[in-house]
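**Q** For any residue, its number in the numbering used here is found by taking its place in the sequence shown, counting from 1, and adding 42. Cβ atoms here follow ideal geometry from the backbone N, Cα and C, with glycine treated the same way.
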Amino acid sequence: MHPAHLPRPVMPQVPPQQLLLGQKAIVTGASSGIGRAIALALGQAGADVVVNYVAGEDKAEQVCEEIRRCGVRAMAVRADVSDEGQVREMFARMIRQFGTVDVLVNNAGLQQDAAFEDLTLAQWNKVIGINLTGQFLCAREAVREFKRRGVTPEVSCSAGKILCISSVHEVIPWAGHVNYAASKGGVMLMMKSLAQEVAPYRIRVNSICPGAIRTPINMEAWGTPEAYRELLKLIPYKRIGEADEIGRAAVWLASDYADYVHGISLFVDGGMTLYPGFETGG
Ligand code: NAD
């Protein structure tokens with residue numbers, strides 16, 4: 043059997059928890075991959091969810107259908123996160139329809155890879171514009187709403203939560219992907235600086251840093267047995283991650299169970315950041 047298709051490890055079956063009951067969440071880039079899994083997990087935890095997408099309305103609507111089966115509301119909203127006007131309109135629409143915003147998950151992102159000398163300014167600007175500026179634009183709208191509303195104790199003990207989906211490449215340099223690594227390194231200090239600034243308002247800001255997760259963005263790293271074998275050399279835990287594992291981390295981090303967790307990068311990476319080159323003693 044292709045190693046990438048081995049059965050998943052059995053996860054403990056916990057009764058459905060309503061950790062985010064009554065909260066309003068928005069997940070950017072939620073029509074596929076990690077964003078989709080996070081949007082579903084937030085819905086399963088009781089949140090109403092805005093599913094942001096930039097292209098492919100049908101896929102976003104399918105995600106909304108799945109979320110509604112949890113008994114919560116879901117709404118697909120098209121917006122390019124790198125466009126200030128579209129981001130502002132998306133949040134205005136969410137507040138009109140859902141009343142407020144409690145959780146922002148800054149997930150939308152992409153790669154445009156090239157050897158450094160061939161990297162075009164357009165590729166640089168596109169990746170920085172979506173992965174970093176897009177997170178800034180969405181976080182700014184969320185903070186404005188969190189500050190306007192303040193804490194609603196029966197909903198959450200914080201005024202709002204921002205989860206930045208960063209990457210192990212906020213700390214691991216990545217040759218051939220300089221624009222991507224720069225964008226994620228930028229997300230790290232944007233997140234931490236913002237966390238420092240808004241903490242007194244009871245606004246929590248954290249990042250999740252996935253390692254290798256099986257999604258369309260990195261199919262070339264797991265799509266063939268040879269590629270998967272190579273990938274495992276980078277993962278001490280010796281398996282690829284699944285998108286729903288990021289979803290579960292996001293639910294916990296957005297919930298009041300994590301109320302004292304602030305300004306951290308939570309690595310969900312099977313140990314990819316443990317210098318795997320040294321796993322046999324160096
Ligand atoms: P993906 O390609 O399935 O998801 C990215 C989503 O972002 C897509 O739905 C895409 O349409 C959307 N998007 C792109 N540009 C957008 C824009 N301008 N406005 C709104 N949405 C836009 O890949 P994924 O792996 O699910 O990636 C999600 C996030 O996770 C990204 O930020 C990525 O950098 C990060 N990440 C992924 C991995 C991994 O191994 N898959 C590892 C580390 C970090």
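Using 10 angstroms around the beta-carbon of Ala134, count the other beta-carbons present and answer buried if the total reaches 16, otherwise exposed.
**A** exposed
**Q** Do you know whose CA, among Met230, Val229 and Val247, lies nearest Ala237's CA?
**A** Val247
**Q** Exposed or buried, Gly141, counting other C-beta atoms within 10 Å across all chains shown (16 or more means buried)?
**A** exposed
**Q** Please state the DSSP three-state secondary structure of Cys199.
**A** coil
**Q** How big is the Cα-Cα spacing for Leu163 and Tyr302?
**A** 41 Å
**Q** State the DSSP-derived secondary structure class of Asn173, mapped to helix, strand or coil.
**A** helix
**Q** Which residues does DSSP list as the beta-bridge partners of Ile245?
**A** The partner list for Ile245 (beta bridge, DSSP) reads Gly202.
**Q** Indicate whether at least one CB of chain B lies closer than 7 Å to the CB of Glu183.
**A** Although the question refers to chain B, the structure presented lacks it and comprises just one protein chain.
**Q** Could you give the residue range of the beta strand (DSSP E) that holds Phe320?
**A** Premise fails: Phe320 is in no beta strand (DSSP E) and is neither H nor E.
**Q** Where does Arg130 sit, in a helix, a strand or coil, going by DSSP?
**A** Arg130: helix per DSSP, three-state reduction.
**Q** Are the CB atoms of Thr70 and Asn148 nearer to each other than 7 Å?
**A** yes
**Q** Which residues in the same chain have their Cβ closer than 6 Å to the Cβ of Gln55, if we skip the five residues on either side of it in sequence?
**A** Note that Gln55 scores 44 on pLDDT, short of 50, meaning its location in the model is unreliable and no value can be drawn from it.
**Q** To the nearest angstrom, report how far apart Pro45 and Tyr270 are at their CA atoms.
**A** Low per-residue confidence applies at Pro45: pLDDT is 49, beneath 50, and the placement is therefore not dependable, though the value from the model is reported in the following sentence. Pro45 and Tyr270: Cα-Cα distance of roughly 7 Å.
**Q** To the nearest angstrom, report how far apart Pro58 and Trp294 are at their CA atoms.
**A** Per-residue confidence for Pro58 stands at a pLDDT of 47, beneath the threshold of 50, marking its modelled position as unreliable; the derived number appears in the next sentence. C-alpha separation (whole angstroms): 13 Å.
**Q** Which of the three DSSP states, helix, strand or coil, is assigned to Val96?
**A** coil
**Q** Give the secondary structure of Arg281 by DSSP, where H, G and I count as helix, E and B as strand, and everything else as coil.
**A** coil
**Q** Per DSSP, which residues does Asp286 bridge with? Please list them.
**A** Beta-bridge pairing links Asp286 to no other residue.
**Q** Under 8 Å: do the stretch 101 to 109 and the stretch 72 to 86 share three or more Cβ pairs, one atom per stretch?
**A** The stretch 101 to 109 makes contact with the stretch 72 to 86, as at least three CB pairs between them are under 8 Å.
**Q** Less than 8 Å between the CB atoms is what I'm expecting for Ser249 and Ser208, so what's the real figure, rounded?
**A** 4 Å
**Q** Taking 6 Å as the cut-off, does the CB of Pro252 come closer than this to any heavy atom belonging to the ligand NAD?
**A** yes
**Q** Regarding Ala223 and the ligand NAD, is the C-beta to nearest heavy atom distance less than 6 Å?
**A** no
**Q** As a quick exercise: from Gly151, Ala97 and Ala72, pick the residue whose alpha carbon is nearest that of Gly85.
**A** Ala72
**Q** Rounded to the nearest angstrom, how far is the Cβ of Asp144 from that of Gln65, given a contact under 8 Å?
**A** 4 Å
**Q** Between which two residues does the alpha helix (DSSP H) carrying Met233 extend?
**A** Val220 to Val240
**Q** Beta carbon of Gly253, beta carbon of Gly283: below 7 Å?
**A** yes
**Q** Quick one: what does DSSP say Gln55 is sitting in, helix, strand or coil?
**A** Confidence at Gln55 is low in this model, with a pLDDT of 44, below 50, so its placement is unreliable and the value that follows should be read with caution. Coil, per DSSP.
**Q** Select from Leu146, Ser200 and Val210 the residue whose C-alpha is nearest the C-alpha of Ala184.
**A** Leu146
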